[in-house]
Every structure is written in structure tokens, then in C-alpha cells.
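Asker: Got a structure for you, questions after.
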Amino acid sequence: DTDIDLDLAYIKLSDMFFPGLSATIGRQEIILGEGFVVGDLNGFAPGAVNAGDLSSRLSTDALRFDYKLATVPLTLIGFVAKIAETYATITDGDVGLDQDLYGINANYQVPTAEVEVEGYFVSLNNAHATKNSANELSIPTFGLHCVHNVAAVPGFSWKGEIAGQWGKTAGLDNKGYAGYLGAEYGFQNVAWEPKVGLTYYHFSGDNDATDNTDNAWNPLFPDAAGDRIGTIVDASGLAGFGQQSNMQVIKLSGSIQPTEKISLSLDWFNDRLIKTAAGAKKELGNEIDINLGYAYSEDVEFALTFGYFVRGSAIKNAVADSADAMQVVGSVSVTF
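Heads up, the sequence shown is in the UniProt record's numbering, so the first residue is 1 and it goes up one at a time.
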């Protein structure tokens, strides 16, 4: 394979027209907040790379404007991104539909506290859908994200996000929602700098598959899904299992820093379905991920991840001859 796929190729114009306004044009990354709704615009596109859970490519072709106000700690973002583009041919005519993502985002840093508040609106659309309802795709999504480092309790922070959807997909009314709430505490003046965290994630499921409403959360372009639901569950690809829809996740995490160069963390995920057919089980399973990092230098870092997933009753009953899953992933990152 001699093909070359560009990851990043853009130009940025700073202080365009007036101070504080910049424009970015070309193949670029767009990450809103923690990437809960918009972050990986590459891995979910048609014809995307294989093993997308291991890829660092997040970019797509886009036009983006950023405006940072001089008088208040507020940054505004507006963008339009091309998710999929198809071309008509002489023999086949128009064989597909373009897919575009539009969005606006406002980020406010509270001056009197270590609080970041972010609101956003994005909309994924088929660019020229026909009257055929099967081609109908319009998913407006709005959300609010907040992070707070609590000054009164050094080392303690909490974060949360909530998002809702409407519009239509293939003739169905979208009514999905998703969100999370989590907290982390880093022990102060303690050897090895231990940290512990707890986060709850919720992705709505559909109440009734026979009506004209889809209550399930439609995951648009989330980034770092493995950090929310487990790396093995994220990579499983099982339809209906662990795809950041119709599920809830409890995540417990902990980490230590034995030396300046070595870090060790452990994450435990309990994954459950929310809506199931009559008589079906809800327990997807439990996953443990252990991550070891070694900073060889300022520019080179080695990492080793061990993951083990114990399948629950939902998978045991639905997937014949299923087995628990394990993975070991080694990586090297170099910063130029």
C-alpha cells in the first residue's frame, strides 16, 4: 500500500480583520471540551482507518473561526466540517450523500474561581438528502460542560457534561441524551502522588423500536471512548454492545507516580445496558485496564497497557460461544 493519507494540513490566519479573530482552513482537529460529543472526526467517517481505537488521527477538512474576547475570559468558536463527500459519475449518477457537521462553541473561564464552563451546539446533516426518508439525517445536538478545581479542597476536582439531541434520522424523531458526572482527588504532599477518581456515564436507549421516536443517544464523533467505557469494549465492534449508546458505565480509577519517569494507573469499568427486550439481560461485563508509562526523555515515551474484560450475562446469552477478552498493547510516542 503506497497511499499517503494526510492527517494535518491547514493554514491559520491570526488577528484577521480585527484583534482576537483567527481562521483555520484545511485538514484539522476540532475537539469540543473533553471530546464527549465532538473530538474524533476521522475515525467515524466512511472509509476511516482500521483499528480506529488505536489511531491518533482525529482530523477532517474544515473551516473554523476562533474569537477570543479581550475584555472577558470568553472564547467563541464556529466551524463547518466535511465528514463525507461523494461524487456523481457518468455511469452511476449521484451514488451517495455528502455529510456535513456545523457547530458553535462558547468557553468561559470564571475569573473568581478555577471553573470552566462550556456550551455548544452542533448539527450533523446529509448535505442534499432526498424525499426518501432512508436518506434523512439531521441530528442537532446541544450540550453544557463544566470543570471545577475546588480551591477550598486542594487536590479535589469535579466535572460534568449533559447533551441532548433532536431532529430526524431515517424518518425517526431523535430524542436521545447523554451525560456524565465525575470527581477526582489527588493526595497532597504524599509520596508517589496517588490519585483516585469516580465517574458515572449515561447514554440513553430506545424505549420502543416500533414507534416513530428514537430515544437512543446517537454518538456523533466522540474521542477517547476507551477512557469512558473501557478499551476492549470500545474496540469490540459488537452491534448493540458498548458503542456509547443504550448503556451506563461506572468507572473507578487510580494512579501513582513512583518516580519522575514512571507512572502507573488502573481503571475499572462496570458496563450495563439500559433498555433491553423482554427477558434479556442488562449486564455487559466488567473491564480492568492497567497502564504503565515510562518517560524516556522529554520527547520519547513508552507505554504498556494490559486489559481484561469479563463478559456479563447480556453477552453470554446473546453471543454464542463467547469468551472473556484480553489485550496487551505497547506503544512509543515521539514528539518532534
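The beta carbon of each residue, even a glycine, is placed where N, CA and C say it ideally should be. Because the structure is a prediction, the values reported are computed rather than measured.
#1: Can you name, in chain order, every residue of its own chain whose Cβ lies under 7 Å from the Cβ of proline 222, other than the five neighbours on each side?
#2: Identify every residue that forms a DSSP beta bridge with methionine 326.
#3: Which whole-angstrom value is the C-beta distance of aspartate 61 and alanine 81, which I expect to be below 8 Å?
#4: In terms of residues, what are the limits of the beta strand (DSSP E) holding arginine 174?
#5: Use the C-beta contact count for phenylalanine 203: other C-beta atoms within 10 angstroms, 16 or more gives buried, fewer gives exposed.
#6: In the structure shown, what three-state DSSP assignment does glycine 182 receive?
#7: Can you tell me where the alpha helix (DSSP H) with valine 233 in it begins and where it stops?
#8: Are three or more beta carbon pairs between the stretch 186–197 and the stretch 213–220 nearer than 8 Å?
#9: Helix, strand or coil for lysine 316 per DSSP?
#10: What is the rounded straight-line gap between the Cα of tryptophan 268 and the Cα of glutamate 287?
#11: Tell me the residue span of the beta strand (DSSP E) that contains phenylalanine 65.
#12: If you measure between the beta carbons of serine 253 and glutamate 301, is that distance less than 7 Å?
#13: Using only CA atoms, which one of Ala225, Tyr177, Asp173 lies nearest to threonine 210?
#14: Counting only runs of 3+ residues fully inside the stretch 202–281, write out the beta strand (DSSP E) ranges in chain order.
#15: Secondary structure at asparagine 42, three-state DSSP: helix, strand or coil?
#16: Would you mind sorting tyrosine 180 into buried or exposed? The rule is 16 or more other CB atoms within 10 Å of its CB.
Answerer: Taking the coordinates as given:
#1: As a first step, residue 222 is located in the sequence shown; it is residue number 222 there, counting from the start. Around proline 222, the same chain offers Gly35, Phe36, Val37, Gly39, Asp40, Gln244 as residues with beta carbons nearer than 7 Å, after the five sequence neighbours per side are excluded.
#2: The residue given as residue 326 occupies position 326 in the sequence shown. DSSP lists Tyr308 as partners of methionine 326.
#3: Translated into the one-based positions of the sequence shown, residue 61 becomes position 61. Translated into the one-based positions of the sequence shown, residue 81 becomes position 81. Between alanine 81 and aspartate 61 the Cβ distance is about 7 Å, and since that is below 8 Å, they are a contact.
#4: Here residue 174 corresponds to residue number 174 of the sequence shown, with the count starting at 1. Strictly speaking, residue 174 in this sequence is asparagine, with arginine absent from that position. It spans 172–174 - the beta strand (DSSP E) in which asparagine 174 sits, taken as one unbroken run.
#5: On the sequence shown, position 203 is the one that residue 203 refers to. Counting the other CB atoms within 10 Å of its CB gives phenylalanine 203 a total of 16 or more, which places it among the buried residues.
#6: Taking the sequence shown and counting its residues from 1, one reaches residue 182 at position 182. Three-state result, glycine 182: strand.
#7: The residue labelled residue 233 in the question sits at position 233 within the sequence shown. Residues 231–236.
#8: no
#9: Stepping through the sequence shown from its first residue, residue 316 is reached at position 316. Reduced to three states, the DSSP call for lysine 316 is helix.
#10: Reading the sequence shown from its first residue, position 268 is the one you call residue 268. Reading the sequence shown from its first residue, position 287 is the one you call residue 287. About 6 Å.
#11: Counting from one through the sequence shown, the residue named residue 65 turns up at place 65. Unbroken beta strand (DSSP E) run through phenylalanine 65: 60–68.
#12: Taking the sequence shown and counting its residues from 1, one reaches residue 253 at position 253. Taking the sequence shown and counting its residues from 1, one reaches residue 301 at position 301. No, they are not a contact pair.
#13: Here residue 210 is taken as the residue at index 210 of the sequence shown, counted from 1. If we check each option's Cα against that of threonine 210, Asp173 comes out closest.
#14: 247–256, 262–273
#15: By 1-based counting over the sequence shown, the position of residue 42 is 42. Reduced to three states, the DSSP call for asparagine 42 is coil.
#16: Here residue 180 corresponds to residue number 180 of the sequence shown, with the count starting at 1. Its Cβ being crowded by 16 or more others within 10 Å, tyrosine 180 is buried.
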